[in-house]
Amino acid sequence: TFSQLCVFNYDTKNVEVRYAPWYIQDEPRFAFRGLMLDTSRHYLPVDVIKQVIDSMSFSKLNVLHWHIIDEQSFPLEIPSYPNLWKGSYSKSERYTVEDARYIVSYAKKRGIHVMAEIDVPGHAESWGNGYPKLWPSLSCTEPLDVSSNFTFEVITGILSDMRKIFPFGLFHLGGDEVYTGCWNLTPHVKQWLDERNMTTKDAYKYFVLKAQEIAIDLNWIPVNWEETFNSFGGSLNPRTVVHNWLGPGVCPKVVAKGLRCIMSNQGVWYLDHLDVPWEQVYTAEPLAGIDDTAQQKLVLGGEVCMWGETADTSDVQQTIWPRAAAAAERMWSQLEAISAQDLETTVLARLHYFRCLLNHRGIAAAPVTNFYARRPPIGPGSCFVQ
Amino acid sequence: MPPKLLTHLILALVAVSGAAAARRHPAPANFTASGNPVYIWPLPKNFTSGTQTLAVDPDLALDPQGAGGGAAAVAEAFERYRHLIFSPWAHAARPASAGYDVARLTVVVASADETLELGVDESYTIYIAAAGGANSIVGGATIEANTIYGAIRGLETFSQLCVFNYDTKNVEVRYAPWYIQDEPRFAFRGLMLDTSRHYLPVDVIKQVIDSMSFSKLNVLHWHIIDEQSFPLEIPSYPNLWKGSYSKSERYTVEDARYIVSYAKKRGIHVMAEIDVPGHAESWGNGYPKLWPSLSYMRKIFPFGLFHLGGDEVYTGCWNLTPHVKQWLDERNMTTKDAYKYFVLKAQEIAIDLNWIPVNWEETFNSFGGSLNPRTVVHNWLGPGVCPKVVAKGLRCIMSNQGVWYLDHLDVPWEQVYTAEPLAGIDDTAQQKLVLGGEVCMWGETADTSDVQQTIWPRAAAAAERMWSQLEAISAQDLETTVLARLHYFRCLLNHRGIAAAPVTNFYARRPPIGPGSCFVQ
Chain A
223 TFSQLCVFNY
233 DTKNVEVRYA
243 PWYIQDEPRF
253 AFRGLMLDTS
263 RHYLPVDVIK
273 QVIDSMSFSK
283 LNVLHWHIID
293 EQSFPLEIPS
303 YPNLWKGSYS
313 KSERYTVEDA
323 RYIVSYAKKR
333 GIHVMAEIDV
343 PGHAESWGNG
353 YPKLWPSLSC
363 TEPLDVSSNF
373 TFEVITGILS
383 DMRKIFPFGL
393 FHLGGDEVYT
403 GCWNLTPHVK
413 QWLDERNMTT
423 KDAYKYFVLK
433 AQEIAIDLNW
443 IPVNWEETFN
453 SFGGSLNPRT
463 VVHNWLGPGV
473 CPKVVAKGLR
483 CIMSNQGVWY
493 LDHLDVPWEQ
503 VYTAEPLAGI
513 DDTAQQKLVL
523 GGEVCMWGET
533 ADTSDVQQTI
543 WPRAAAAAER
553 MWSQLEAISA
563 QDLETTVLAR
573 LHYFRCLLNH
583 RGIAAAPVTN
593 FYARRPPIGP
603 GSCFVQ
Chain B
-11 MPPKLLTHLI
-1 LALVAVSGAA
9 AARRHPAPAN
19 FTASGNPVYI
29 WPLPKNFTSG
39 TQTLAVDPDL
49 ALDPQGAGGG
59 AAAVAEAFER
69 YRHLIFSPWA
79 HAARPASAGY
89 DVARLTVVVA
99 SADETLELGV
109 DESYTIYIAA
119 AGGANSIVGG
129 ATIEANTIYG
139 AIRGLETFSQ
149 LCVFNYDTKN
159 VEVRYAPWYI
169 QDEPRFAFRG
179 LMLDTSRHYL
189 PVDVIKQVID
199 SMSFSKLNVL
209 HWHIIDEQSF
219 PLEIPSYPNL
229 WKGSYSKSER
239 YTVEDARYIV
249 SYAKKRGIHV
259 MAEIDVPGHA
269 ESWGNGYPKL
279 WPSLSYMRKI
289 FPFGLFHLGG
299 DEVYTGCWNL
309 TPHVKQWLDE
319 RNMTTKDAYK
329 YFVLKAQEIA
339 IDLNWIPVNW
349 EETFNSFGGS
359 LNPRTVVHNW
369 LGPGVCPKVV
379 AKGLRCIMSN
389 QGVWYLDHLD
399 VPWEQVYTAE
409 PLAGIDDTAQ
419 QKLVLGGEVC
429 MWGETADTSD
439 VQQTIWPRAA
449 AAAERMWSQL
459 EAISAQDLET
469 TVLARLHYFR
479 CLLNHRGIAA
489 APVTNFYARR
499 PPIGPGSCFV
509 Q
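As structure tokens, then:
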């Protein structure tokens, strides 16, 4: 905050604090104010992750949700299963354990937590490059083989290795978009299901809960995408934090069941949805529909998600900013205060100023007033009006 | 005693294309001792390599030698490259008892003269070998150069030879021993930045300068001012920067000096431009009638060349403005005469300040015979201009907009790469009059959010055209060897935090079309 009060005066060539004396007493509304980075659809070099962390600190975002691995690539070193990162795009699009520790340490210096994610059992096709046995079959490469002990040995190994790297209390286990169809089509899996009188839906629940136990044994609180809650919410470990993403109105149901919630409603806080203007990002409210104070406390906060299908080093920051800043204020500032501002005059002017501040600090924040995100400026002009 | 110069090239003619490899593991082409792409960009003039892999000590020490080796600029450059070569955790992870093949980088600089002027000697040699090798007495790496700027070029090449091995977690030099002898083909290898259409903060200009140094571009043509905004402080006319977009979208003289100094440490000249008489609408915000003093800018910009613009001069409203029409009539001048008068008068002022004037090509096309003979003509309108310029004995810089205007997004990298500054010039004496070329990043739709994404990777294609030897780059197969090498360099830029766009998109600065490896997109 102090750095934002200091302004360079081009007449006197001094740095000044204007409108002094200042007395500021500040604290965040929500404890969990996140940005998710996807380094599987595109590898992001460590230097780029550092730039993202720096820019998070400028708007007081404090959780980097690192979606490290997904179908397309497995870039992280896992010492107990060293072939896993053969699933990386190339030998150099990888993170060593030292890189991961370094990122955690870099973030910590800025008061930013790193919440790692191992998305299981879906979104895990890349795991089989190093260990094909994890695939139910060569024609069924996703989800992971629920019938195999080896699958859970590998998950245990991954989580144990990661426990030494990621001290944050929450660990994300994914659990979204699990298409179990080919479990039924793979003979040995079908047999396993039949022996236990399980449907594939039961097996999905079984998988998620078993992964949760591994995380809990390692002293983690598990976070799971909302399908797990929608499908078998009553069976989830009571410590579970449910990560909403599919749409609005989910956190009210989650907290009504006594579980904690993180809001990432894709209609407003998915940064890869380029047609969501900053006003919609800004006005999205994590406590919408939750009136009971005790239940409100179960909403840890929210997270904007930078899915990486079309975001790589060349455009990731341009896609994240300035809209992530709109969410950052929603998650830090007091509800009454931000609701009282006029969106198209006061907030817009302030967001313009902050966008220019980001640019001044070398962050490639896109123009504020374009309809689509990450578009170039339409023509010559001042930072403060584009 | 350095080994004798080896003159034969080992040059890749056929690449094992990364694109042909498995979709999931599109690794760059395998590196073997011969017949494969060399992942140094731009391609050095002469080099030989071998089959050994040498481990580089994360505590690599600088061993400065020669009259210029002790220069602060060398030590600072070494520190910058140390941070680029090694991970931040490498020192802490270094085993105490480890032995490395390369523990010391000797940098020998013959001259202590740090003057940076056009044509400064940028040549260097690199020798890297293990101890006990046939040609070496002591193992390690040595860079030798005549000037500190040659040494800085050598450090960049050295940094590209250093590769992190994800199995051993060491930094390695592969295909050693290396002997490289390198120097640029053209002395003027430029990138133009336009900070009038969009103000670019100093931090962004620094990022651009850093990225230029990675591909050995050496002239930042700073198109500071234009119609839309006047962002630079001019102390003798302090109201001029009232033409800035806002009070904070400005450069103080200290900012400008700092940029020049930041560039100098990387051996990069800054050629400033005051575009007159056209493109100067923003000046009127401060002074309705004026003639600025360039003398203050002389103190900020030491480069020998100064750009006076002179393009797109639409003189129509001179005739429509009574006092100007009167002035013309009194002198029996047409507006075209007045255009010439203006340009020549500006040139005189620059020359009095010991500058060589650079002017956009309209000045040559309109009154080439009247231009001061020192003039450097800056081609931009199309191809085939430099041949005419040098035939008249004037020097030329090529920026043919059909290929080297970076704001033209529909020019793919192949067209950028194959553009040849000496096209149509066969006479050797005339060829020497082509100083080099420049890619131009006009700012109408380029601001902080997308400028680097627009510049790279296509500027790299031009950078190799301007640095490397004509025969060598022409010999490479474009869609296998060069593409593989450009992919690798694009990924290197990304690794260094530069937002270089995908190579294989048709339009520049477009996002990747979907998930994938850096090396194939």
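Protein chains in written order, with my numbering: chain A, 223 to 608; chain B, -11 to 509. Ideal Cβ placement from N, Cα and C applies to all residues, glycine included. Just so it is clear, the structure is predicted and the values come from calculations on it, not from any experiment.
{"query": "Closest to B/ASN360 by C-alpha separation, out of B/VAL399, B/LEU332, B/LEU369 and B/MET321, would be which residue?", "result": "B/LEU332"}
{"query": "Pull up the distance between the alpha-carbon of B/THR240 and that of B/GLU102, whole angstroms please.", "result": "26 Å"}
{"query": "If you drop the 5 nearest sequence neighbours on each side, which residues of the same chain put their C-beta closer than 7 Å to that of A/TYR594?", "result": "LEU496 and ASP497"}
{"query": "B/GLN509 by DSSP, collapsed to three states: which one?", "result": "coil"}
{"query": "Mind reading off the beta-carbon distance from A/SER344 to A/LEU306? Whole number of angstroms is fine, and I expect it under 8 Å.", "result": "Per the sequence shown, the amino acid found at residue 344 of chain A is Gly instead of Ser. Not confirmed; about 17 Å, so no contact."}
{"query": "Taking just the CA atoms, how far does A/MET384 sit from A/ARG332?", "result": "21 Å"}
{"query": "For A/ARG596, count neighbouring C-beta atoms within 10 Å of its own C-beta (all shown protein chains included) and say buried if the count is 16 or more, exposed if not.", "result": "buried"}
{"query": "Considering only residues of the same chain and omitting the five flanking positions on each side of B/ASP243, which have a CB-CB separation below 7 Å?", "result": "VAL190"}
{"query": "Is any beta-carbon of chain B found at less than 8 Å from that of A/LYS331?", "result": "no"}
{"query": "Taking A/ASP292 as the reference, which of A/ILE436, A/ALA242, A/PRO354 and A/GLY396 has the closest Cα?", "result": "A/GLY396"}
{"query": "Going residue by residue through the region 318 to 394 of chain B, where are the continuous alpha helix (DSSP H) segments of at least 4 residues, counting only ones entirely within it?", "result": "323 to 340, 349 to 355, 374 to 379 and 389 to 392"}
{"query": "For the beta strand (DSSP E) that contains A/TRP405, what are its first and last residues?", "result": "Looking at the DSSP string, A/TRP405 is not in any beta strand (DSSP E); the run it does join, the alpha helix (DSSP H), is 403 to 407."}
{"query": "Starting from A/VAL270, find everything on chain B with Cβ-Cβ shorter than 9 Å and list it in chain order.", "result": "ASN482, HIS483, GLY485 and ALA487"}
{"query": "Going by the beta-carbon positions, is the gap between B/TYR167 and B/PHE289 smaller than 8 Å?", "result": "no"}
{"query": "Going by other Cβ atoms of all chains shown within 10 Å of its Cβ, with 16 needed for buried, is A/LEU557 buried or exposed?", "result": "exposed"}
{"query": "Using the beta-carbon of each residue, which ones in chain B are nearer than 7 Å to A/PHE606?", "result": "SER234"}
{"query": "Compute the distance between the beta-carbons of B/VAL161 and B/VAL90, then report whether it is under 8 Å.", "result": "yes"}
{"query": "Quick one: which unbroken beta strand (DSSP E) runs of 3-plus residues sit fully inside the region 406 to 453 of chain B? Chain order, please.", "result": "422 to 429"}
{"query": "Is A/ASP321 close to chain B, meaning its C-beta is less than 8 Å from at least one C-beta of that chain?", "result": "yes"}
{"query": "Only counting the same chain, and skipping five residues up and downstream in sequence, which positions put a Cβ closer than 6 Å to that of A/CYS362?", "result": "CYS404 and THR408"}
{"query": "If you measure between the beta carbons of B/TRP29 and B/ALA448, is that distance less than 8 Å?", "result": "yes"}
{"query": "Rounding to the nearest angstrom, what Cα-Cα distance links A/TRP529 and A/ASN452 in this structure?", "result": "22 Å"}
{"query": "Where does A/CYS473 sit, in a helix, a strand or coil, going by DSSP?", "result": "helix"}
{"query": "Going along chain B, which residues have a C-beta under 7 Å from A/GLY480?", "result": "Neighbours of A/GLY480 on chain B: none; closest Cβ ~38 Å, over 7 Å."}
{"query": "Taking only beta-carbon positions, decide if A/GLU531 is within less than 8 Å of chain B.", "result": "yes"}
{"query": "Measuring alpha carbon to alpha carbon, tell me which residue in B/GLU64, B/LEU394 and B/LEU293 is nearest B/GLY107.", "result": "B/LEU293"}
{"query": "Can you name the residues of chain B whose CB is closer than 9 Å to the CB of A/LYS235?", "result": "THR240 and GLU242"}
{"query": "Let me know the alpha helix (DSSP H) ranges lying completely inside the region 272 to 330 of chain A, each 4 residues or longer, listed in chain order.", "result": "319 to 330"}
{"query": "Using a C-beta cutoff of 8 Å, does B/SER536 count as contacting chain A?", "result": "Only positions -11 to 509 of chain B appear in the structure, and residue 536 of chain B is not among them; the question remains open."}
{"query": "Which residues in the same chain have their Cβ closer than 8 Å to the Cβ of B/ARG238, if we skip the five residues on either side of it in sequence?", "result": "TYR187, PRO219, LEU220, GLU221, TRP229 and SER232"}
{"query": "Quick one: grab the DSSP three-state call for A/VAL336.", "result": "strand"}
{"query": "According to DSSP, which residues form a beta bridge with A/ILE443?", "result": "A/LEU392"}
{"query": "Would you mind giving the Cβ-Cβ distance between A/TYR208 and A/ILE380, rounded to the nearest angstrom? I have them listed as a contact below 8 Å.", "result": "Coverage of chain A is limited to positions 223 through 608, which leaves residue 208 of chain A absent and any answer about it impossible."}
{"query": "Helix, strand or coil for B/ALA65, going by three-state DSSP, please let me know.", "result": "helix"}
{"query": "Determine, using beta carbons only, whether A/ASP367 and A/VAL400 come nearer to each other than 8 Å.", "result": "no"}
{"query": "Within its chain, find whatever has a CB closer than 7 Å to the CB of B/VAL404; leave out the 5 residues flanking it on each side and keep chain order.", "result": "VAL391, TRP392, ARG446, ALA449 and ALA450"}
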